[in-house]
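Number of protein chains: 2
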Amino acid sequence: MGEASIPSGYSADSELDHEGPDPVWLQLAAVLLSRIERGDYPENRPIPSIAGLVQEFGIARGTVQKTTAFLEDRGHVRIVPGKGVFVVPRGDR
Amino acid sequence: MGEASIPSGYSADSELDHEGPDPVWLQLAAVLLSRIERGDYPENRPIPSIAGLVQEFGIARGTVQKTTAFLEDRGHVRIVPGKGVFVVPRGDR
DNA sequence: GGGTATTTGTGCGTATGTATG
DNA sequence: ACATACATACGCACAAATACC
Numbered sequence: 001m002g003e004a005s006i007p008s009g010y011s012a013d014s015e016l017d018h019e020g021p022d023p024v025w026l027q028l029a030a031v032l033l034s035r036i037e038r039g040d041y042p043e044n045r046p047i048p049s050i051a052g053l054v055q056e057f058g059i060a061r062g063t064v065q066k067t068t069a070f071l072e073d074r075g076h077v078r079i080v081p082g083k084g085v086f087v088v089p090r091g092d093r
Numbered sequence: 001m002g003e004a005s006i007p008s009g010y011s012a013d014s015e016l017d018h019e020g021p022d023p024v025w026l027q028l029a030a031v032l033l034s035r036i037e038r039g040d041y042p043e044n045r046p047i048p049s050i051a052g053l054v055q056e057f058g059i060a061r062g063t064v065q066k067t068t069a070f071l072e073d074r075g076h077v078r079i080v081p082g083k084g085v086f087v088v089p090r091g092d093r
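Encoded structure:
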């Protein structure tokens, strides 16, 4: 499970597709990256909380955490327990 | 998951069953309601603090908070941050 | 005003069980 | 058997509101 790649065809405003072949957690990664790219989530600022993303996308907490763990693994965000999930500046990676 | 119903078979002095099918947070709701009904927790007075319930029942804080949020949603209690969880008088609902 | 204690709110981490494809 | 996804439950830390001294 360490060689997942971000599916194409998902933008910052995409709805998640629970029926298609792409895992929801990967779709969410694509959406969040798109939003970071677009500037919705500024550098060194936290993305919405896991609970917030659960609310917005109507998915499970564990699924969101799988996404954030993946994004941290890729260096896109930095997870700070008790604080939030922060956007890593592009220059810092 | 907005249609949870209080399981039967739990009274004011019931022990919580971590093995059975009923969620602990719902069992706790049944116990607290039973105590309110019985008069252990008077109207317009706070039930034991979250920390106190954690201690008494040996469960996690998040589990207790799920219960109190549920009871507030049902109108049985009113949560006041920094003060406590107050019993709503029957006449007020 | 400041300091401390209490209580609830809000974060993430982790583990386990269940269901589905 | 495996990955995905959801629900539950526990742990831990810090913030905010309230109250008291």
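Chains as they are written, first to last, in the UniProt record's numbering: chain A, 1 to 93; chain B, 1 to 93. Beta carbons: idealized from backbone N, C-alpha and C, even for Gly.
Next item on the list: Could you tell me the distance, in whole angstroms, from the CA atom of B/A4 to the CA atom of A/G91?
Entry: In the second sequence, residue 4 of chain B corresponds to position 4, counting from 1. In the first sequence, residue 91 of chain A corresponds to position 91, counting from 1. Cα to Cα, the separation comes out at about 48 Å.
Item checked: Beta-carbon gap between B/V64 and B/I50 smaller than 8 Å -> Residue 64 of chain B sits at position 64 when you count from the first residue of the second sequence. Residue 50 of chain B sits at position 50 when you count from the first residue of the second sequence. Result yes, Cβ atoms of B/V64 and B/I50 sit closer than 8 Å.
Notebook entry, point to check: Any chance the segment 40-58 of chain A sits against the segment 68-88 of chain A, with 3 or more Cβ pairs inside 8 Å?
Noted result: yes
Notebook entry, point to check: Using the beta-carbon count (16 or more within 10 Å), is A/Q55 buried or exposed?
Noted result: Working through the first sequence from its first residue, we reach residue 55 of chain A at position 55. By the 10 Å Cβ count, A/Q55 comes out exposed.
Next item on the list: May I have the straight-line CA-CA distance separating residue 119 of chain B from A/D73, to the nearest angstrom?
Entry: Residue 119 of chain B is absent from the model: chain B starts at 1 and stops at 93.
Margin query: Given this structure, state the Cα-to-Cα distance separating B/H18 from A/G62, to the nearest angstrom.
Written below: Within the second sequence, residue 18 of chain B is the residue found at index 18, counting from 1. Within the first sequence, residue 62 of chain A is the residue found at index 62, counting from 1. In a straight line, the C-alpha of B/H18 is about 22 Å away from that of A/G62.
Notebook entry, point to check: Rounded C-beta distance between B/A12 and B/D40? I'm assuming under 8 Å.
Noted result: Looking up residue 12 of chain B in the second sequence gives position 12. Looking up residue 40 of chain B in the second sequence gives position 40. That pair is a contact at about 6 Å.
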